[in-house]
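Rendered as structure tokens:
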């Protein structure tokens, strides 16, 4: 699953996600679709999120919206909210994967609870940073 | 406050340094950087976040390295069925599609649902029918085929034919990170 989140010069944020789902899927199963609110979410007031991993767990945790809600109502930072959802809530129910996220100030958080995640970011006037493994 | 920025992902899972060759590692990093550059260029020139995320995702959809667009995994029926979603933070408008087989860049179909329809989510034949009216680039379904992904499907199909003991299951998981996910298929 691939995805991107961005903040532009006008302060708007957006999220996009695209996937082939899981190998061998059947029965019209749509568990890996980046459902709005779960795998893909954006709201200028809080954050933009794109997720990758075991989709059905991300749906059950409503990952994107949950992160935004923790920021909106719980006063958490982007990093705190992402950690709470990806490293705690998802793990508790056995969900594996990660997210990339950005807030209205251009802060970026990319927590994941799997062995690795293909990921990267680039901020204005900075070089791109690309990472794959957990220890990067 | 950062003037503009973007982040991308290309999938998560049992990705370990010891399972990657130096060439594979370099190939992934180069493609991720290309995707970042595509989005960055949009933002640097004053473009919208929405255009930046689409530009970045399209680079990865066009690469067989990732499970999206070309290089997507196969369904049990041996097809590539793709899903995509997009959301705009300024007005919380959103669009999503599921089960596309002929649109080269599924993310553009999700955006078309968001911008050119009164709906949020379309799936299957209807989604494809809508996408085909949107002047989006179409391809033959064979465009999405990659041998690596098809072999993954064959491996899983084969294991379903036989009753496996614990050791052979473990062996499969070690050989192929996607095998671990078979129950989700």
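Chains as they are written, first to last, in the numbering used here: chain U, 1 to 136; chain S, 1001 to 1185. Heads up, the beta-carbon is just placed ideally off N, CA and C, and yes, glycines get one too. The model shown is predicted, which means the values in this text are computed figures rather than measured ones.
Beta-carbon contacts of residue i that lie in its chain and below 8 Å, excluding the five residues immediately before and after
{"i": "residue 1120 (chain S)", "result": "1094, 1095, 1096, 1113, 1114"}
{"i": "residue 11 (chain U)", "result": "44, 104"}
Within chain C, partners of residue i - CB distance below 8 Å
{"i": "residue 118 (chain U)", "result": "Among the protein chains of the structure shown, namely U and S, there is no chain C."}
Chain-order list of residues whose beta-carbon lies under 7 Å from that of residue i (same chain, five-residue window excluded)
{"i": "residue 100 (chain U)", "result": "3, 5, 50, 110, 119"}
{"i": "residue 1017 (chain S)", "result": "none"}
{"i": "residue 1102 (chain S)", "result": "1128, 1138, 1139, 1141"}
Closer than 9 Å to chain S by CB, residue i
{"i": "residue 114 (chain U)", "result": "yes"}
{"i": "residue 32 (chain U)", "result": "yes"}
{"i": "residue 41 (chain U)", "result": "yes"}
{"i": "residue 79 (chain U)", "result": "no"}
{"i": "residue 82 (chain U)", "result": "no"}
{"i": "residue 70 (chain U)", "result": "no"}
{"i": "residue 61 (chain U)", "result": "no"}
{"i": "residue 28 (chain U)", "result": "yes"}
{"i": "residue 85 (chain U)", "result": "no"}
{"i": "residue 21 (chain U)", "result": "yes"}
{"i": "residue 73 (chain U)", "result": "no"}
{"i": "residue 124 (chain U)", "result": "yes"}
Cβ neighbours of residue i in the same chain (closer than 6 Å, five flanking residues each side left out)
{"i": "residue 1130 (chain S)", "result": "1122"}
{"i": "residue 979 (chain S)", "result": "Any property of residue 979 (chain S) remains undetermined from this structure, which presents chain S solely from 1001 to 1185."}
{"i": "residue 1031 (chain S)", "result": "1063, 1065"}
{"i": "residue 81 (chain U)", "result": "67, 70, 71"}
{"i": "residue 55 (chain U)", "result": "31, 32"}
Cβ-Cβ distance between residue i and residue j below 9 Å
{"i": "residue 102 (chain U)", "j": "residue 36 (chain U)", "result": "no"}
{"i": "residue 1157 (chain S)", "j": "residue 24 (chain U)", "result": "yes"}
{"i": "residue 1087 (chain S)", "j": "residue 46 (chain U)", "result": "no"}
{"i": "residue 956 (chain S)", "j": "residue 1053 (chain S)", "result": "This structure gives no information on residue 956 (chain S), because the portion of chain S shown stretches from 1001 to 1185."}
{"i": "residue 70 (chain U)", "j": "residue 92 (chain U)", "result": "no"}
{"i": "residue 1011 (chain S)", "j": "residue 77 (chain U)", "result": "no"}
{"i": "residue 1089 (chain S)", "j": "residue 127 (chain U)", "result": "no"}
{"i": "residue 1002 (chain S)", "j": "residue 129 (chain U)", "result": "no"}
{"i": "residue 19 (chain U)", "j": "residue 1005 (chain S)", "result": "no"}
{"i": "residue 117 (chain U)", "j": "residue 1015 (chain S)", "result": "yes"}
{"i": "residue 98 (chain U)", "j": "residue 86 (chain U)", "result": "yes"}
{"i": "residue 1110 (chain S)", "j": "residue 16 (chain U)", "result": "yes"}
{"i": "residue 1034 (chain S)", "j": "residue 1042 (chain S)", "result": "no"}
{"i": "residue 114 (chain U)", "j": "residue 1126 (chain S)", "result": "no"}
Interface flag, residue i vs chain U, CB-CB below 9 Å
{"i": "residue 1174 (chain S)", "result": "Reliability of the predicted coordinates at residue 1174 (chain S) is poor, the pLDDT of 49 falling under 50, and no value is obtained from them."}
{"i": "residue 1170 (chain S)", "result": "Summary for residue 1170 (chain S): the model assigns pLDDT 47, below 50, so the residue's position carries little reliability, and this model does not support an answer."}
{"i": "residue 1140 (chain S)", "result": "no"}
{"i": "residue 1157 (chain S)", "result": "yes"}
{"i": "residue 1115 (chain S)", "result": "no"}
{"i": "residue 1145 (chain S)", "result": "no"}
{"i": "residue 1112 (chain S)", "result": "no"}
Presumed contact (8 Å Cβ cut-off) between residue i and residue j, rounded CB distance
{"i": "residue 1201 (chain S)", "j": "residue 1058 (chain S)", "result": "Chain S is shown only over 1001 to 1185; residue 1201 (chain S) falls outside these bounds and no answer can be derived."}
{"i": "residue 62 (chain U)", "j": "residue 79 (chain U)", "result": "The pair is not a contact, with the Cβ atoms about 19 Å apart (cut-off 8 Å)."}
Using a Cβ-Cβ cut-off of less than 8 Å, give me the residues of the stretch 1005-1034 of chain S that come near chain U, in sequence order.
Along the stretch 1005-1034 of chain S, the positions whose C-beta sits under 8 Å from a C-beta of chain U are 1005, 1006, 1007, 1008, 1009, 1010, 1011, 1012, 1013, 1014, 1015, 1016, 1017, 1020, 1025, 1028, 1029, 1032, 1033, read in chain order.
Contact list for the stretch 1-13 of chain U against chain S, Cβ threshold 7 Å:
1, 2, 3, 4, 5, 6, 7, 8, 9, 12, 13
Output, in sequence order along the chain, the residues in the stretch 1117-1138 of chain S whose CB is closer than 8 Å to any CB in chain U.
1120, 1121, 1123, 1124
Which residues, in order along the stretch 43-57 of chain U, keep a beta-carbon less than 7 Å from a beta-carbon of chain S?
43, 44, 48, 50, 52, 53, 54, 56
For the stretch 1056-1084 of chain S, which residues have a CB atom closer than 8 Å to at least one CB atom of chain U, in sequence order?
1056, 1057, 1060, 1061, 1066, 1067, 1068, 1069, 1071, 1072, 1073, 1074, 1075, 1076, 1077, 1080, 1081, 1082, 1083, 1084
Residues in the stretch 1087-1100 of chain S having any Cβ partner in chain U nearer than 9 Å
1087, 1088, 1089, 1090, 1091, 1092, 1094, 1095, 1096, 1097, 1098, 1099
Residues in the stretch 90-105 of chain U with C-beta within 7 Å of chain S's C-beta atoms, listed in sequence order?
Correct list: 97, 98, 100, 102, 105.
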